[in-house]
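Before any comments, here is the structure.
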Amino acid sequence: MTEPGLWQGLALLQHELLLFAGLFFLIGALDDLAVDAAYLWLRMTVRAVTPRRSHGALLRRPLSGPVAVLIPAWQESAVIGQTIRHLLETWPQPELRLFVGCYRNDPATLGAAIAGARGDVRLRLVIHGHDGPTTKADCLNRLHAAMALDEARSGRSFAMVVLHDAEDMVDPGALGLLDESVAAGADLVQLPVEPLVPRHRPWLARHIGAHYCEEFAEAPRSAYQPDRPSQ
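With the working numbering, letter number 5 in the sequence shown gets 9, and the count goes up by one each step, no holes.
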């Protein structure tokens with residue numbers, strides 16, 4: 005085979021492979037397109053109506069029962085204090101109990117958690133009996149055991165358990181929305197997270213945060229619509 009013929013054969017092979025690759029990508033996207041088409045049809049026929057809630061009605065809403073918030077923390081000294089302080093100030097309901105799981109070989113996180121609580125008696129600081137790190141599931145199991153002990157001592161069962169990350173800031177109306185949904189019969193409630201770009205951070209950290217913004221922007225919009233301007 006001459007050299008021009010060889011190149012023509014390779015070009016033909018390239019086009020054939022591109023055709024097959026495009027076909028397989030199209031087949032793989034059909035399920036996503038089907039979901040999008042079904043949603044658009046339901047919206048157009050007014051069969052899928054997103055309920056709207058007023059942010060003002062959810063602020064400082066009295067809870068229907070005791071609530072436990074669980075936060076596992078390993079080497080989170082840089083963020084856990086601010087998270088605890090913001091959560092306890094933003095959710096002032098007395099029925100709230102905040103369980104934070106720390107490790108005995110992580111005194112920095114332990115100290116930051118104590119400082120962040122500022123003496124708030126609603127904090128339950130749980131120290132894991134083993135050196136960290138273990139797994140988040142293991143720490144959550146330890147927090148669950150502490151929660152069960154708290155229920156036994158108080159004689160009251162928690163009506164709702166909220167899982168929270170050590171670095172996330174809570175919204176003032178989120179707890180009221182969760183409580184309202186659970187009281188209405190929901191077994192599980194998940195709220196979307198709004199990512200914030202850390203503009204004061206170095207270049208790499210800013211672009212990592214921007215990546216999360218792009219990922220979350222593709223997620224469904226929340227049914228919870230604030231009636232106040234964003235901060």
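Heads up, the beta-carbon is just placed ideally off N, CA and C, and yes, glycines get one too.
{"Asked": "Where the alpha helix (DSSP H) through Pro76 begins and ends", "Found": "From DSSP, Pro76 is part of no alpha helix (DSSP H) but of the beta strand (DSSP E) over Val71 to Pro76."}
{"Asked": "Straight-line Cα distance separating Leu208 from Leu74", "Found": "30 Å"}
{"Asked": "Beta-carbon proximity list for Ser68, same chain, < 7 Å, skipping 5 on both sides", "Found": "Ala163, Asp183 and Ala187"}
{"Asked": "Segment limits, alpha helix (DSSP H) that includes Leu151", "Found": "The sequence shown places Met at residue 151, rather than the Leu named in the question. Lys140 to Ser158 is the span of the alpha helix (DSSP H), which, as asked, contains Met151."}
{"Asked": "Exposure label - Gly9; buried when at least 16 CB within 10 Å", "Found": "exposed"}
{"Asked": "Candidates Ile84, Arg101 and Leu92: closest to Asp110 by CA position", "Found": "Ile84"}
{"Asked": "Separation of Leu22 from Gly253, as counted between CA atoms", "Found": "Nothing about residue 253 can be read from this structure; the chain reaches only from 5 to 235."}
{"Asked": "Where Val53 falls, given that 16 or more other Cβ within 10 Å makes a residue buried", "Found": "exposed"}
{"Asked": "Local conformation of Val39 per DSSP, three classes", "Found": "helix"}
{"Asked": "Below-8 Å beta-carbon distance, Ala52 vs any chain B residue", "Found": "This model lacks chain B altogether; it includes just one protein chain."}
{"Asked": "Validate contact between the stretch 111-121 and the stretch 144-157 using beta carbons, cut 8 Å, 3 pairs", "Found": "no"}
{"Asked": "Local Cβ density within 10 Å of Cys106, reported as buried at 16 or more and exposed below that", "Found": "buried"}
{"Asked": "For Ile131: DSSP bridge partner residues", "Found": "Cys106"}
{"Asked": "Given Asp154 as reference, the closest of Pro176, Arg126, Leu181 and Leu179 once Cα atoms are compared", "Found": "Arg126"}
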